[in-house]
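Colleague: Residues 819 to 1225 (our numbering) make up the sequence shown, in order.
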Amino acid sequence: LAVVALQRFVVRPGADTGAVLALSAAGLLAAHSSALFGALLFAFPLVVQRWYRALRGKRLDGVAPGKTAWRVVGGDVVRMLPVMVAAGVLAAPMIIGAITFTSGSYPYHAWGSHMPVWKALAMLATFKQVLPVPQIWLTVFLAIGVFTLAALRRMRWLVLSALGLSALFVVVACFGGETWVITLSRPWWNDRFRLMALAAIPLCLLAAHGMSEAQRWVAKAAGSRAWVRARPWLTGRVGLATAVLLVVAMGVLTGGFYRAANAKTVSLLYYNGLPGEVVPPVSADEIEAMDKLGTLGIPADQKVLNDRLDGTAWMYALTGVHPVAGHYDAGVAPKDAVYLAQHFADFDSDPEVRAAVRRLNIHYVLVGSGTIRRDTPIAHGLQHLDGHDFVRPVYRNPGAVIYRIVK
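What follows is the structure, given as structure tokens:
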């Protein structure tokens, strides 16, 4: 979207193309700050190539012949300024919110990845990061695309995009703990997984170019056969036939365009286990218990104490009831939430537990069964609550219990 909007604007600047570009920029920022910064890094090489062609005196779309390079560059910059202002005005609420958040007290924790450079480069070349299964046919077509760069012509700016985004991934993956790297990569939360996905966009386009060139070679070889030349009705269909053949072959060789491999990756990252395993992060019993919570009339200012990793973090999404632990990521949990997870069972003897319960306005506790990490048990403070006189079970099923605090 960013590339198309930018290309249309520089070729035919106007109120309509400028509005589309400004709306695109604001929309990307509204979606996520990393989306806008990623789009800038991906699309700016298009402008670099345009200016380079201007310096060499080559023909440019939307530019009158004989126009000097400095007028082309200066004109592009001047016309871009009002678009940037308009995008800034549209995105002002998001910008102010982001500034407020980053200047607040919530701590920023970098990933601090430190892998060998060769490993990061291998990940890029083989299109894999989570699983040790290379997407080898994408690598083959990427190699063909790189060796046939000259055929890209006006699309050669893709090479700069691929190099720039790949370099950013390597820097963050290999030197993620360095202060300057953390600062540079903050728009992407210092997250090498986001950057790998971003670098894969131009790399996949280069692989697609390689696949196109391979199809052209196959079509040329097939069209030169005497058997084909002797049948004029067939020569015009060679291109379509070879394209279909190549796509079908790619689908077969990759097991459905690597669908199974990518499904496995997503499944693992969302704690669903490998395909065929039934280990969803939220069990049917936990969902039933959360539905029950939604019928208890719990007001919005109350929170329900829960374990961070047993799947009940989905409580608000499923029922609208606010949990104490609302996410199972590795972020920094609030101090009261951490303390209660470890010491809630000491409610009678620990005044700090009772104070935290009052501060968070907790009246109910939901405990599920098991956690999304097989080697991590339910939080110590939420274990063995049956038998304590400060809570009373109000709902129970084989996989979840709801307690009401009665003291």
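Quick reminder that beta carbons are idealized off the backbone N, C-alpha and C, glycines included.
On a CA-only basis, which of ALA1174, HIS1181, GLU1104, ASP1125 is nearest ARG1214? Give me that one, please.
Modeller: When each option's Cα is compared against that of ARG1214, the closest is GLU1104.
Colleague: Taking the Cβ atom as the reference point for each residue, do TRP1006 and SER852 lie within a distance shorter than 9 angstroms?
Modeller: Yes.
Colleague: What first and last residue would you give for the alpha helix (DSSP H) that runs through LYS1038?
Modeller: LYS1038 -> alpha helix (DSSP H) spans 1010 to 1041.
Colleague: Starting from ARG1004 and walking both ways along the alpha helix (DSSP H), at which residues does that stretch end?
Modeller: Element bounds for ARG1004: n/a, residue is neither H nor E.
Colleague: When the Cα atoms are used, what is the spatial distance from TYR1221 to LEU1114?
Modeller: Taking the straight line joining both Cα atoms gives about 12 angstroms.
Colleague: If contacts are defined as beta-carbon pairs under 8 angstroms, then GLY963 and LEU1024 qualify, I think. What distance do you get, rounded to the angstrom?
Modeller: Yes, they are in contact, since the Cβ atoms of GLY963 and LEU1024 sit about 4 angstroms apart, within 8 angstroms.
Colleague: Quick check on DSSP: helix, strand or coil for LYS946?
Modeller: Correct three-state label for LYS946: coil.
Colleague: When you compare only the Cα positions, how much space is there between HIS1206 and HIS927?
Modeller: Rounded to the nearest angstrom, the two C-alpha atoms are 38 angstroms apart.
Colleague: What runs of the beta strand (DSSP E), each 3 residues or longer, lie entirely inside the segment 1155 to 1187?
Modeller: Counting only runs of 3 or more, we get 1180 to 1185.
Colleague: Alpha carbon to alpha carbon, how far is LEU983 from HIS1198?
Modeller: Rounded to the nearest angstrom, the two C-alpha atoms are 44 angstroms apart.
Colleague: Kindly indicate which three-state DSSP category VAL1122 falls into: helix, strand or coil?
Modeller: Strand at VAL1122.
Colleague: Could you tell me how far apart the beta carbons of GLN825 and TRP975 are, in whole angstroms, since I believe they sit closer than 8 angstroms?
Modeller: With a Cβ gap of about 10 angstroms, GLN825 and TRP975 do not count as contacting.
Colleague: Going by the DSSP bridge assignment, what does ARG1222 pair with across the sheet?
Modeller: ARG1222 is bridged to TYR1182, ARG1210.
Colleague: Beta-carbon within less than 7 angstroms of LEU819's beta-carbon, same chain only, minus the 5 sequence neighbours each way: which residues are those?
Modeller: Answer for LEU819: SER842, listed in chain order.
Colleague: Starting from VAL1065, trace the alpha helix (DSSP H) both ways and give me its first and last residue.
Modeller: Run containing VAL1065: 1056 to 1071, per the alpha helix (DSSP H) assignment.
Colleague: Determine the extent of the alpha helix (DSSP H) in which SER931 is found, giving its start and end residues.
Modeller: SER931 -> no alpha helix (DSSP H), and no H or E assigned at all.
Colleague: Quick check: the segment 892 to 910 against the segment 944 to 956, are at least 3 beta-carbon pairs closer than 8 angstroms?
Modeller: Flag = no, the segment 944 to 956 and the segment 892 to 910 do not touch.
Colleague: Within a Cβ cutoff of 7 angstroms, which residues of the same chain sit near ALA1018, ignoring the five residues on either side of it in sequence?
Modeller: PHE945, listed in sequence order.
Colleague: Counting only runs that start and end within the segment 959 to 998, where is the alpha helix (DSSP H) found for 4 or more residues in a row?
Modeller: As far as the segment 959 to 998 is concerned, its whole alpha helix (DSSP H) runs of at least 4 residues are 975 to 993.
Colleague: Cutting at 8 angstroms between CB atoms, please list the residues of its own chain near ASP1119, excluding the five before and the five after it.
Modeller: ASN1179.
Colleague: How far does the alpha helix (DSSP H) with ILE1105 in it reach, from first residue to last?
Modeller: Run containing ILE1105: 1102 to 1111, per the alpha helix (DSSP H) assignment.
Colleague: Could you tell me if HIS1027 is buried or exposed, where buried requires 16 or more neighbouring beta carbons within 10 angstroms of its beta carbon?
Modeller: With 16 or more Cβ atoms within 10 Å of its Cβ, HIS1027 is classed as buried.
Colleague: If you reduce the DSSP assignment to three classes, tell me which class PRO1099 lands in.
Modeller: Three-state result, PRO1099: coil.
Colleague: Which partner residues of HIS1140 appear in the DSSP bridge assignment?
Modeller: According to DSSP, which records beta bridges pairwise, HIS1140 is partnered with LYS1121.
Colleague: Under a Cβ-count criterion, where at least 16 other Cβ atoms within 10 Å of its own Cβ denotes burial, should PHE965 be classed as buried or exposed?
Modeller: By the neighbour-count rule (16 or more Cβ atoms within 10 Å), PHE965 is not buried but exposed.
Colleague: Could you name the residues that DSSP lists as bridge partners for ASN1215?
Modeller: Answer is ALA1218, bridged to ASN1215.
Colleague: Alpha carbons only, please: which of LEU864, LEU846, ALA1032 is nearest the one belonging to GLY906?
Modeller: Ranking the options by Cα distance to GLY906, first place goes to LEU846.
Colleague: Enumerate in chain order the residues of its own chain whose CB-to-CB distance from ASP1128 is below 8 angstroms, with the five nearest sequence positions on each side excluded.
Modeller: Excluding sequence neighbours, ASP1128 sits near GLU1104, VAL1185, GLY1186, SER1187, GLY1188, THR1189, ILE1190, ILE1196.
Colleague: In its own chain, which residues sit with a C-beta less than 6 angstroms from the C-beta of PHE873, not counting the 5 before and 5 after it?
Modeller: Inspection of the sequence shows that residue 873 is occupied by Leu rather than by Phe. Taken in chain order, the residues that qualify are ALA887.
Colleague: Could you tell me if SER1278 is buried or exposed, where buried requires 16 or more neighbouring beta carbons within 10 angstroms of its beta carbon?
Modeller: Any property of residue 1278 remains undetermined from this structure, which presents the chain solely from 819 to 1225.
Colleague: Is DSSP giving THR1083 helix, strand or coil here?
Modeller: In the structure shown, THR1083 sits in a helix (DSSP, three-state: H, G or I).
Colleague: Out of THR1194, LEU981, ASP1168, GLY1217, point me to the one whose CA is closest to PHE1208's CA.
Modeller: With distances taken between Cα atoms, PHE1208 lies closest to ASP1168.
Colleague: Please report how far the alpha carbon of THR1060 lies from the alpha carbon of VAL890, in whole angstroms.
Modeller: Their Cα atoms are separated by approximately 42 angstroms.
Colleague: Report back the beta-carbon spacing between TRP1132 and VAL1100 to the nearest angstrom; my notes put them in contact at under 8 angstroms.
Modeller: Sure, about 5 angstroms apart at Cβ, within 8 angstroms.
Colleague: Using 10 angstroms around the beta-carbon of PHE919, count the other beta-carbons present and answer buried if the total reaches 16, otherwise exposed.
Modeller: With fewer than 16 Cβ atoms within 10 Å of its Cβ, PHE919 is classed as exposed.
Colleague: Assign GLN1201 to buried or exposed, taking buried as 16 or more other Cβ atoms, counted over all protein chains shown, within 10 Å of its Cβ.
Modeller: With fewer than 16 other Cβ atoms within 10 Å, it is exposed.
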